[in-house]
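Residue numbers (the working numbering): 317 to 703. All C-beta atoms in this analysis are idealised placements derived from N, C-alpha and C, irrespective of residue type, glycine included. Notes to accompany the following structure.
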Amino acid sequence: MTKFIELGMSKPVAHALKNVGYTEPTEIQAMTIPLIMAGHDIMASAETGSGKTAAFALPIIECLHEPDEKTRALVLVPTRELALQVAEQFERFGSCRRLRTVTVYGGTGYQQQGRALKSGADIIVATPGRLLDFMEQGTVDLRAVEMLVLDEADRLLDMGFMPQVHRIVEKLPRERQTMMFSATIDVRVEAIARRYLIEPDTVRANTRQIEPAAINQQIIHVDEFGKDMLLAKLIKELDTSSVLVFTRTKRKASWVKRKLRDSNVLAEEIHGDITQVQRERVLKAYREGKFSVLVATDVAARGLDIPTISHVINYDLPDSPEDYVHRIGRTGRAGRAGVAMSFVSVEQRHLVRDIERVIGRQLDPDSAARKKLPPRRFSARGRRRIV
Ligand code: AMP
Numbered sequence: 317m318t319k320f321i322e323l324g325m326s327k328p329v330a331h332a333l334k335n336v337g338y339t340e341p342t343e344i345q346a347m348t349i350p351l352i353m354a355g356h357d358i359m360a361s362a363e364t365g366s367g368k369t370a371a372f373a374l375p376i377i378e379c380l381h382e383p384d385e386k387t388r389a390l391v392l393v394p395t396r397e398l399a400l401q402v403a404e405q406f407e408r409f410g411s412c413r414r415l416r417t418v419t420v421y422g423g424t425g426y427q428q429q430g431r432a433l434k435s436g437a438d439i440i441v442a443t444p445g446r447l448l449d450f451m452e453q454g455t456v457d458l459r460a461v462e463m464l465v466l467d468e469a470d471r472l473l474d475m476g477f478m479p480q481v482h483r484i485v486e487k488l489p490r491e492r493q494t495m496m497f498s499a500t501i502d503v504r505v506e507a508i509a510r511r512y513l514i515e516p517d518t519v520r521a522n523t524r525q526i527e528p529a530a531i532n533q534q535i536i537h538v539d540e541f542g543k544d545m546l547l548a549k550l551i552k553e554l555d556t557s558s559v560l561v562f563t564r565t566k567r568k569a570s571w572v573k574r575k576l577r578d579s580n581v582l583a584e585e586i587h588g589d590i591t592q593v594q595r596e597r598v599l600k601a602y603r604e605g606k607f608s609v610l611v612a613t614d615v616a617a618r619g620l621d622i623p624t625i626s627h628v629i630n631y632d633l634p635d636s637p638e639d640y641v642h643r644i645g646r647t648g649r650a651g652r653a654g655v656a657m658s659f660v661s662v663e664q665r666h667l668v669r670d671i672e673r674v675i676g677r678q679l680d681p682d683s684a685a686r687k688k689l690p691p692r693r694f695s696a697r698g699r700r701r702i703v
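So this is what it looks like as structure tokens:
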């Protein structure tokens, strides 16, 4: 088994890794760390949950080595949650080298982030829009950037951030090392890679097989009108302190939270209408176990990294199978076991088939047989299928 030391990690960083319980590198880490340390540009295909953040954060920390007056590493990410998480890893492992990380993201005031930038950052983790604002204000100087990461490049594309990314990258020194990470590598991602990477090494970690194995995925057939009752009952039966419930809309998230509270379940909500300050407060309380159920929409929960989440419940199934994979990846983290339960009404069965196609295995043992049968309805108690 490869050890972090064999990948070129110095003693202080190896010590910090040991302290947080990372005993050995994940596949993506073993593959990318030596390449980044050797100065190569890389195009890596890796999903959230594979350990991809440390795969670039650790070698960047080693390469920067110690603080400088200037910002030498820049990581661009699509969402503020991801920005906070990536920054957390840089802080966790970079503090032994006294490297300063500043996180920059929208949806909150400029003052605090502006002050942090002015007091000096070795590493900046940013969402593109807010970083551009600071660049235009002259608050940030990127002329010394040596290492650039585009994290979740497919998401940056999907969320329409590429024009901003181009404007930022134009201002960076040409002589730099560039690393792209993406869950999927399609023609659009390849086009960006051709534009920014020089003779890159392509790395593909086999995450699809690793990820779902740790997550027990269950399908629960429900009647659309019985979902609220069933959810409260299920949560009360589960012996857990941390459940993440997904709904399709903001309004539904508020509704489900209220219904859970009516049933005496401690619940909170996060979605696009919740302010950044409020959201951070809720997430902090959730991490600390002050309440047990967080009800969220897809965008709000993207990138959430809370290892104690034992159950993800899809109150509504997402429209896209990719969102399903992202959702269930919020549990089963850091090597723990996780359970993902999905409420499926008769009308939503086609979505299960789409998901099965993407994850490459059958979730609902009935789905093949049922195609030939007329639809059945089930009571509010639901019938659970365990896979
Ligand atoms: P990521 O794919 O970067 O979102 O990481 C997924 C989870 O795995 C996070 O909770 C990390 O803290 C954890 N993790 C990353 N690398 C390791 C490792 N080598 N050993 C154990 N846990 C890890």
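Residues near residue i by beta carbon distance below 6 Å, same chain, minus five either side
i, result
"Pro690", "In this prediction, Pro690 has a pLDDT of 42, which is less than 50 and means its spatial position is unreliable; what the coordinates show is noted afterwards. For Pro690, where only same-chain residues beyond five positions count, there are no Cβ hits under 6 Å."
"Leu610", "Leu560, Glu584 and Tyr602"
"Pro516", "Asp357, Ile358 and Met359"
"Thr624", "Ser558"
"Leu473", "Arg504"
Backbone secondary structure at residue i - three-state DSSP
i, result
"Arg524", "No answer about Arg524 holds up, because its pLDDT of 44 lies below 50 and its placement is not dependable."
"Leu620", "coil"
"Ser361", "strand"
"His666", "helix"
"Asn335", "helix"
"Phe477", "coil"
"Gln405", "helix"
"Gln678", "coil"
"Ile535", "strand"
"Ser411", "helix"
"Ala509", "helix"
"Val628", "strand"
"Ala460", "coil"
"Leu447", "helix"
"Ala529", "Only weak support exists for where Ala529 lies, its pLDDT of 49 falling under 50; the coordinates are left without a value."
"Met325", "coil"
"Thr318", "coil"
"Asp502", "coil"
Contact test: residue i Cβ vs the ligand AMP heavy atom, cutoff 6 Å
i, result
"Lys334", "no"
"Gly648", "no"
"Thr342", "yes"
"Tyr338", "yes"
"Asp467", "no"
"Ala507", "no"
"Ala370", "yes"
"Ser579", "no"
"Asp555", "no"
"Asp621", "yes"
"Ser411", "no"
"Gly365", "yes"
Beta strand (DSSP E) segment containing residue i, residue limits
i, result
"Phe541", "Note, Phe541: premise wrong, no beta strand (DSSP E); not H, not E."
"Thr707", "The requested residue 707 is not part of the displayed model; the chain covers only 317 to 703."
"Glu584", "Ala583 to Ile586"
"Met463", "Met463 to Leu466"
"Ala656", "Gly654 to Val660"
"Leu576", "Per DSSP, Leu576 belongs to no beta strand (DSSP E); it is in the alpha helix (DSSP H), Lys566 to Asp578."
Within-7 Å CB hit, residue i to chain D
i, result
"Ala370", "The question asks about chain D, but that chain is absent: this structure has only one protein chain."
Close Cβ partners of residue i (< 8 Å) along its chain, the five nearest in sequence each way excluded
i, result
"Glu382", "Arg413, Arg414 and Leu415"
"Glu378", "Gly324, Met325, Ser326, Val329 and Met353"
Proximity below 7 Å, CB of residue i to CB of residue j
i, j, result
"Gly422", "Gly436", "no"
"Phe372", "Met451", "no"
"Gly367", "Ile344", "yes"
"Lys434", "Leu458", "no"
"Ala403", "Val441", "yes"
"Val581", "Ile551", "yes"
"Asp438", "Leu380", "yes"
"Ile763", "Gly654", "Because the chain in this structure spans residues 317 to 703, residue 763 falls outside the shown range and cannot be described."
"Ser462", "Arg388", "A small fix is needed here, since residue 462 is Glu in this sequence, not Ser. The answer is yes: Cβ separation under 7 Å."
"Leu464", "Arg490", "no"
"Phe409", "Ala509", "no"
"Asp589", "Asp614", "no"
"Val538", "Leu547", "no"
Same chain only: Cβ atoms within 7 Å of residue i, ignoring 5 sequence neighbours per side
i, result
"Gln664", "Leu633"
"Met347", "Val519 and Ala521"
"Pro528", "Confidence in Pro528 is poor, its pLDDT being 43 and thus under 50, which makes the residue's placement unreliable; the coordinate value appears in the next sentence. Ile675, listed in sequence order."
"Lys327", "none"
Extent of the continuous alpha helix (DSSP H) to which residue i belongs
i, result
"Thr377", "According to the sequence displayed, residue 377 carries Ile and not Thr. It spans Lys368 to Leu380 - the alpha helix (DSSP H) in which Ile377 sits, taken as one unbroken run."
"Ile352", "Glu343 to Met353"
"Ala442", "No alpha helix (DSSP H) contains Ala442, which is instead part of the beta strand (DSSP E) from Ile439 to Ala442."
"Asp599", "The displayed chain sequence assigns Leu, not Asp, to residue 599. Where Leu599 is concerned, the enclosing alpha helix (DSSP H) stretches over Gln592 to Arg603."
"Val393", "No alpha helix (DSSP H) holds Val393; DSSP gives it neither H nor E."
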